[in-house]
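In this note's numbering, the protein residues as written are 13 to 185.
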Amino acid sequence: MIRQRVRPLPLAGLTLIWIMLWGTPTWSNLVFGLVLGFIVLLLFPLPHRVASVRVHPLALLRLIGHFLVDLFVASWVVAWMAMRPRGIGRGAIMDVQLSLDDDLRRAIVAEMTSLVPGTVVLDLDPFTSIITVHVVDTTDPVELERERGKILALERRVARAIDIVRPAGSSVS
Numbered sequence: 013m014i015r016q017r018v019r020p021l022p023l024a025g026l027t028l029i030w031i032m033l034w035g036t037p038t039w040s041n042l043v044f045g046l047v048l049g050f051i052v053l054l055l056f057p058l059p060h061r062v063a064s065v066r067v068h069p070l071a072l073l074r075l076i077g078h079f080l081v082d083l084f085v086a087s088w089v090v091a092w093m094a095m096r097p098r099g100i101g102r103g104a105i106m107d108v109q110l111s112l113d114d115d116l117r118r119a120i121v122a123e124m125t126s127l128v129p130g131t132v133v134l135d136l137d138p139f140t141s142i143i144t145v146h147v148v149d150t151t152d153p154v155e156l157e158r159e160r161g162k163i164l165a166l167e168r169r170v171a172r173a174i175d176i177v178r179p180a181g182s183s184v185s
């Protein structure tokens, strides 16, 4: 039973976090981190993995590259909005229907969308896969459709970069 609850990789991760929190890699921090990690994993066991994640390196590089370009461009646009004479205009809230069927990749899409200046994810419904986004400084339907297209393109890049492989007979989360 203990072997199923306390697995080596999570124990090592918790120990590393403990050492980083203290800021000094000493033997006492290592030992105490291992003991504390063991107790935490024993009392609060992690769920068993029902799927594996397969990462495609080239697609991941494209995803990161597009994200960095989006981050750079959006930062300049938002900076210009803040400095321009007319200020920042009204924003809009829109729903985007995602087609991904797993929580991990939907969460990645939501986080990457929120990290780009000018958009904030307000909600991600796990049952309907609808992401609700606030877009700053636009109420124009054409601009909103362009933003929707950016989010859907991001979703496609995430889907190409990361696969979720489920064992036979497991359910979709």
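Ideal Cβ positions, reconstructed from N, Cα and C, are used throughout, including at glycine.
What residue does the beta strand (DSSP E) around residue i start on, and which one ends it?
i, result
"valine 108", "104 to 109"
Between residue i and residue j, what straight-line distance do the alpha-carbon atoms span, to the nearest angstrom?
i, j, result
"tryptophan 88", "valine 148", "14 Å"
"aspartate 152", "glycine 35", "50 Å"
"aspartate 114", "isoleucine 105", "24 Å"
"leucine 55", "isoleucine 163", "39 Å"
"isoleucine 143", "aspartate 135", "6 Å"
"threonine 140", "alanine 119", "14 Å"
"asparagine 41", "leucine 21", "18 Å"
"valine 177", "serine 111", "17 Å"
"aspartate 137", "arginine 169", "20 Å"
"arginine 17", "isoleucine 31", "22 Å"
"isoleucine 174", "threonine 38", "37 Å"
"serine 185", "threonine 150", "With a pLDDT of only 48 at serine 185, under the threshold of 50, the placement of this residue in the model should not be trusted; the figure read from the coordinates follows. The straight-line gap from Cα to Cα measures roughly 34 Å."
"aspartate 186", "valine 121", "Any answer about residue 186 is impossible in this case: the structure gives the chain only from 13 up to 185."
"glutamate 157", "isoleucine 51", "50 Å"
"histidine 146", "leucine 46", "43 Å"
"proline 129", "valine 85", "9 Å"
"arginine 66", "glycine 99", "45 Å"
"leucine 80", "glutamine 109", "24 Å"
"valine 154", "glycine 101", "16 Å"
Around the Cβ of residue i, are there at least 16 other Cβ atoms within 10 angstroms (buried) or fewer (exposed)?
i, result
"valine 133", "buried"
"glycine 77", "exposed"
"methionine 95", "exposed"
"arginine 117", "buried"
"glycine 161", "exposed"
"glycine 25", "exposed"
"threonine 27", "buried"
"alanine 91", "exposed"
"glutamate 167", "buried"
"alanine 171", "buried"
"aspartate 75", "First, the residue type needs correcting, since residue 75 is leucine and not aspartate in the sequence shown. By the neighbour-count rule (16 or more Cβ atoms within 10 Å), leucine 75 is buried."
Output the boundary residues of the alpha helix (DSSP H) element that contains residue i.
i, result
"histidine 78", "69 to 95"
"valine 154", "153 to 173"
"valine 52", "39 to 55"
"leucine 28", "20 to 34"
Per DSSP, which one or two residues make a beta bridge with residue i?
i, result
"threonine 131", "Val147"
"arginine 178", "DSSP, once it has assigned bridges, lists no residue as partnering arginine 178."
"arginine 66", "Asp175"
"leucine 58", "Partner(s): none; leucine 58 has no beta bridge."
"aspartate 137", "Ile142"
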